[in-house]
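Keeping their order, the protein sequence lines are chains A and B. Its first residue numbered 763, the first sequence is counted upward by one per residue in the numbering used here. Its first residue numbered 2, the second sequence is counted upward by one per residue in the numbering used here. Presented below is the structure to which this report refers.
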Amino acid sequence: MSDAGLLNVVLYLPLAAIAGIIALPRKSDGLVRGLSLAAMLLQFVITGLLYLRFDAATPDLQFETRLPWIAAWGVYYQIGLDGYNILLVLLTAFLGPLVVAGAFKAIDREVKLFYAMVFALQFAMMGTFVAQDLFLFYLFWEAMLIPLFFIIGIWGGERRIYATLKFVLYTAFGSILMLAAMIYLVYSLHTTTGVTSFAFTDLYRAELPLPVQTILLAAFALSFAIKVPIVPLHTWLPDAHVEAPTAGSVILAGVLLKMGTYGFMKLAFPLFPDAARLYAPLFGTLAVISILYGACLALVQTDIKKIIAYSSISHLGYVMLGLVSLDILGIQGAIAQMVSHGLVAGGLFLMVGMIYERCHTRDLSAYSGIAKLLPVYAVFLTVLTLAAIGLPTTSGFTGEFLALLGAFRAAWPLHLEGSSYPLILSSSAVAGVVLGALYMLWFAQRFLFGPSKAPHMPLADLDLREKAILAAIVVTVFAFGLFPDEPLRKTELAAKQYQRLVGEDRSGGKMALHGADAPADVVETDAGATPRVARDTR
Amino acid sequence: MNGQTILVAMLPEHLLLAGIALLLCLAIAPGRPRGGFAISLGAVAAATVAAIWLASTGYSAEPFAGQYSVDPVASLGKAIVLALAALVLLIARSEAEERAFPILLLSSVYGVCLMLSSDTFLTLFLGLELMSLPVYVLVLLAYRRPESAEAALKYLVLGGTASATLLMGVSLLFGATGTLSLSVFAVALETPGTMPSIAVALILVAFFLKAAIVPFHAWAPDAYEAAAVPVTAYMATIVKAGVLLAAVRLFGIVPLTSPTVELVALLPLLSIVWGNLAAMRQPGLRRMIAYSSIAHAGYLFYALLGEGPTRFQAVAFYVLVYGLMNVLLFAALPPDADDRARDRLDHLKGLFRRDRFAALMIAVAMLSLAGIPPFPGFIAKFLIFRNVMAAGYTLYAVLGLVGSYLGIYFYLRVIQYLFMTAEERPTITRAPERLALGASLICLLASILLAVFPGWAIGSP
């Protein structure tokens, strides 16, 4: 089969799995679980194969499928892998089997519906990442809400209905404005160039005046910022995380939050580059506020899940910081941080789920000295805690370090020119690293050490299934921390393309650049009246 | 005008008429022979096929010149309405065996067909009344309940007001131009001045009344709640589709100008917002659907803001999807012994445990009505809002979209009841009727096709 065919297999395998699950008889939960795990593993293997075959030397779309879908509107069914999405697709496929295996014990009612919903979610997430057509992207982006609405609402905790409605209504509000902006964008492209297209590559060419760019960016950014989430749009996240079953939390933290930052990187900033550069300080400020505020909130939580939920807000702040730095290292750091956070937060949520299955409480004060009771568990938790802090050799270090380095590299020249604000921002972000160490280590200390105490004694240590799940995550965390070079080389050209796209002047050259607001070196290299050349990959 | 043209061009109508005649014979026959259901379903199905045939062959003719004409657009509209009517009949098995029900239903559908082919206000008025009058009686047919009479009366009075308003507007037009031709309306749309504006406004208000646009919506919740389930489904799908398709025929392809634009934009916008807000508070499913239909009427009138040639496509696609989803909902509703009990949202609590298929079908209908992708309701809404924005009414489009966001909550609440809330008391449900099951499967299949291949239905630019 051709490689493009393989990518379609990856995308549609979850649908086949749903059909299989429906076909299975009613009282066959074991079979459903086995089938689900097998399908997820198969998806991961094929994705891994595509990852290995991915050519890092070309910025073009690879494994591309492009078919007319709604011809009247210029909508194409266009999917493919590029440097933007390759690692995120791999991450999604990697977490899939772990989510399924992690839910074997925790989910004991409506098993068929549960796994069907997990696969529906997997389908929508994969689709969101591989879509190269805005209409298709939007379909998948919105479709993601439905299975998660069910997963939190049916298998969640006590306040699950409040949490799931809040989550859906919150995210749907952002999406509806994005839809309006999307229609407007496509319509303006049509009036200015005569091309009716939703393809990303065509939309990157839309030239809009700055006020229009600003409004459209606001609509797109609102939708993505809710998903990331960026403070102050984060209030749905703690509720959704706490009430969701473990599988839901892992998918939320592991993949869904990255949709927001991916959206910024792939769509919001490159589509409206002039507005993006103008408001980069605003996004940078919000990113740093997220880092610090999320960390401070994580510090005072007593619910274990909430600690990790708030730490997610903090960690994704680094991603945003790296993206707005427009420095190649910062962008690479943002990508690395997305992957790392997916692994680490996913792993931590799985571990919270494991202790919750044993003791049925997530109240931190109910536990202490777990290291003596569950030694194997404690080892894994320590490793993931250190990775969350960003200790060198773990994946967390790669992401945070590069993102901060990029922010400083972009801020220093501006500082020399007399505008110190970016430098102040970057320095404040470093304080977030310290706070991060503080809340994670304090949590680990209270949880793991001290006199042994747990709500249910005696506790059984991890079984083989749980060990395998965590070992897979820990190995990947170290692999990505020790050898970040290989995966990041595959994203390098995309990072450069992002840098160039956001550096372009597409408001007709009338915009007076604030030297202080935009990284001047990038702007100067690519700005100018000449439209970009030779970037259309077709 | 010759015999053959009349025979071919009006084939769908003739088939309906034949069905009505047979049903009349059946009704006056001694004893109570059964077969009303089979005859009515057969007549409507045959008429559907005829309409599809006329539409696909591109047949156009004027059997009664200047009064009544057939063209592919009209035939396509009829095909959609007739197909939806056939689906509604599938869930009306027991009602269709009563004497009056199938006759009234077929007459009403006949009225819709007449409307969609009308060339003068005379024919249009005839069709509109023929569509509406049987529905008043159909609402009353569930007279086991005292509310039915009240609701039917309310509907009748407001429907009569609509007719009067329409006639008033038409008489103004006639006074100004001396002709009853529908094309006069398009001219009036373009003519500045008080007189044409008032005429247009009066006629538009009549359509607003019939389609239940705020503030002319008061009859809808009562009528929807009082009627038997198939009648509610009929009002929500066919009546709405007929009125809107007729409005598209009336407006033609003339671009709208200032006072009309505000009228066509603001009241429907108000409907979208108010319908969605009021639906949140409804304790009964059918009242909720009534308010949802008020909001959907708003989206449909929005389509008139689009550029001329796009209007029919947007409305036709929307009424098809919207009708399918309504029929899917009503077909999947578990039949309870007491009709009244069927209208409590509470009775849907925990339905997934009792009847998985029904719960999933209702969930699909709700998500599609809410316009959440990948369900076809999203494509339908996208089509309308895209056209509105392309016509330059960006602000109205954004406000309409935000209004549609308000609707998401109450649709999700139904799903929450179905899947996430424990049932209050175990209720015994009868096994679902096979025909209703078939109807829901057809709706599901059609909506999947529309979701996966929307390009096929929308066609080329």
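Backbone N, C-alpha and C define an ideal beta-carbon position, used for all residues, glycine too.
Name the two residues that bound the continuous alpha helix (DSSP H) containing Gly59 of chain B. Judged by DSSP secondary structure, Gly59 of chain B falls outside any alpha helix (DSSP H); it is assigned neither H nor E.
What's the C-alpha gap between Ala1071 of chain A and Arg414 of chain B? Straight-line spacing of the CA atoms in Ala1071 of chain A and Arg414 of chain B works out to 26 Å.
Determine the extent of the beta strand (DSSP E) in which Arg921 of chain A is found, giving its start and end residues. Judged by DSSP secondary structure, Arg921 of chain A falls outside any beta strand (DSSP E); it is assigned neither H nor E.
Apart from the five residues on each side of it in sequence, which residues of its chain come closer than 7 Å, Cβ to Cβ, to Leu370 of chain B? Same-chain partners within the cutoff: Ser293, Met326, Gly378 and Tyr412.
Taking Cβ positions, are Val71 of chain B and Phe122 of chain B nearer each other than 7 Å? Not in contact: Val71 of chain B and Phe122 of chain B (Cβ atoms no closer than 7 Å).
Helix, strand or coil: which one does DSSP assign to Tyr406 of chain B? If DSSP states are grouped into helix, strand and coil, Tyr406 of chain B belongs with the helices.
Taking CB distances under 7 Å as the criterion, tell me whether Ala878 of chain A reaches chain B. No, its Cβ sits nowhere closer than 7 Å to a Cβ of chain B.
Along chain B, which residues have their Cβ under 8 Å away from the Cβ of Ala905 of chain A? When 8 Å is used as the limit between beta carbons, Ala905 of chain A is near these residues of chain B: Ile373, Pro374 and Pro375, in chain order.
What do you reckon, are the CB atoms on Met116 of chain B and Gly243 of chain B nearer than 7 Å? Taking 7 Å as the Cβ cut-off, Met116 of chain B and Gly243 of chain B qualify as a contacting pair.
Proximal residues, the region 403-418 of chain B versus chain E, C-beta separation under 9 Å: The structure shown contains no chain E; the protein chains it does contain are A and B.
Within its chain, find whatever has a CB closer than 8 Å to the CB of Val1114 of chain A; leave out the 5 residues flanking it on each side and keep chain order. So the qualifying residues of the chain are Thr1008, Ser1011, Ile1066, Lys1067, Ile1070 and Arg1124.
Under DSSP, the beta strand (DSSP E) around Tyr839 of chain A begins and ends at which residues? Counting along the chain, the beta strand (DSSP E) containing Tyr839 of chain A begins and ends at Val837 to Leu843.
Between which residues of its own chain and Leu1059 of chain A is the CB-CB distance below 6 Å, once the five residues before and five after are set aside? Result list for Leu1059 of chain A: Tyr1072, in chain order.
Given a cut-off of 7 Å, decide if Arg288 of chain B and Glu191 of chain B are closer than it, judged by their beta-carbon atoms. Cβ distance not < 7 Å, so Glu191 of chain B and Arg288 of chain B don't count as in contact.
Quick one: measure Cβ to Cβ for Ala304 of chain B and Val316 of chain B, integer angstroms, because I've assumed they're closer than 8 Å. Yes, they are in contact, since the Cβ atoms of Ala304 of chain B and Val316 of chain B sit about 5 Å apart, within 8 Å.
Since Thr178 of chain B is in the alpha helix (DSSP H), which residue starts that stretch and which ends it? Run containing Thr178 of chain B: Pro147 to Thr178, per the alpha helix (DSSP H) assignment.
Could you tell me which chain A residues have their CB closer than 7 Å to the CB of Phe386 of chain B, listed as they occur along the chain? Residues of chain A passing the Cβ test: Ile945.
What does Leu368 of chain B touch in chain A if you count any residue whose Cβ is under 7 Å from its own? Those are Ile908, listed as they occur along chain A.
Which bits of chain B does Leu931 of chain A rub up against, with CB to CB less than 9 Å? Within chain B, the residues near Leu931 of chain A are Tyr406, Ile409, Tyr410 and Leu413.
Can you name the residues of chain A whose CB is closer than 9 Å to the CB of Gly456 of chain B? Correct list: Pro830, Trp831, Ile832, Ala833, Ala834, Trp835 and Val837.
Check each candidate in A:Ile1090, A:Gly1046 and A:Leu1014 and name the one with the smallest Cα separation from Gly1109 of chain A. If we check each option's Cα against that of Gly1109 of chain A, A:Leu1014 comes out closest.
Cβ-based burial, Trp1174 of chain A [other Cβ within 10 Å; buried from 16]: Around the beta carbon of Trp1174 of chain A, a 10 Å sphere encloses fewer than 16 other beta carbons of the protein chains shown; the residue is thus reported as exposed.
Coil, strand or helix - Ala818 of chain A by DSSP: DSSP, read as helix, strand or coil, puts Ala818 of chain A in coil.
Report the partner residues of Ser119 of chain B according to the DSSP bridge assignment. Ser119 of chain B pairs with B:Tyr69.
What's the call for Met802 of chain A, buried or exposed, on a 16-neighbour Cβ count within 10 Å? Buried: at least 16 other Cβ atoms inside 10 Å.
Report the option in A:Arg1268, A:Gln1259, A:Leu773 and A:Ile808 whose CA atom is closest to the CA atom of Asp822 of chain A. Comparing C-alpha distances from Asp822 of chain A to each of A:Arg1268, A:Gln1259, A:Leu773 and A:Ile808 shows the shortest one belongs to A:Gln1259.
Rank A:Ala886, A:Phe960 and A:Val1239 by C-alpha distance to the C-alpha of Leu910 of chain A and give the top, closest one. Ranking A:Ala886, A:Phe960 and A:Val1239 by Cα distance to Leu910 of chain A puts A:Ala886 first.
Which same chain residues, not among the five before or five after Val322 of chain B, have their C-beta less than 8 Å away from its C-beta? Cβ neighbours of Val322 of chain B beyond the five flanking positions: Ser369, Pro377, Gly378, Ile380, Ala381, Ser448 and Leu451.
Here's the rule: buried if 16 or more other CB atoms are within 10 angstroms of the residue's CB, otherwise exposed. What is Gly59 of chain B? Counting Cβ neighbours within 10 Å, Gly59 of chain B comes out exposed, since fewer than 16 surround it.
Closer than 8 Å is the cut-off here; do at least three beta carbon pairs connect the region 207-219 of chain B with the region 172-182 of chain B? Short answer: they don't touch.
Please decide whether Phe318 of chain B counts as near chain A, where near means a Cβ-Cβ distance under 7 Å. For Phe318 of chain B, the nearest beta carbon of chain A is not closer than 7 Å to its own beta carbon.
Would you list, in sequence order, the uninterrupted alpha helix (DSSP H) runs of no fewer than 4 residues that lie entirely inside the region 75-126 of chain B? Whole alpha helix (DSSP H) segments, 4+ residues: 94-97 and 101-118.
Return the Cβ separation of Ser1317 of chain A and Gly836 of chain A in integer angstroms, given the expectation that the two are a contact with Cβ distance under 8 Å. Within the shown structure, residues of chain A are numbered from 763 to 1300, placing residue 1317 of chain A beyond reach of any answer.
Three-pair Cβ contact test at 8 Å for the region 1230-1241 of chain A versus the region 1141-1153 of chain A: With a cut-off of 8 Å, the region 1141-1153 of chain A and the region 1230-1241 of chain A count as touching, because enough Cβ pairs lie within range.
Find the residues of chain A that neighbour Phe420 of chain B, judging by a C-beta separation of less than 9 Å, and give them in chain order. Phe420 of chain B reaches chain A at Glu872, Leu875, Phe912, Gly915 and Ile916, counting residues in chain order whose Cβ is nearer than 9 Å.
Please decide whether Ala1037 of chain A counts as near chain B, where near means a Cβ-Cβ distance under 7 Å. Closer than 7 Å: no.
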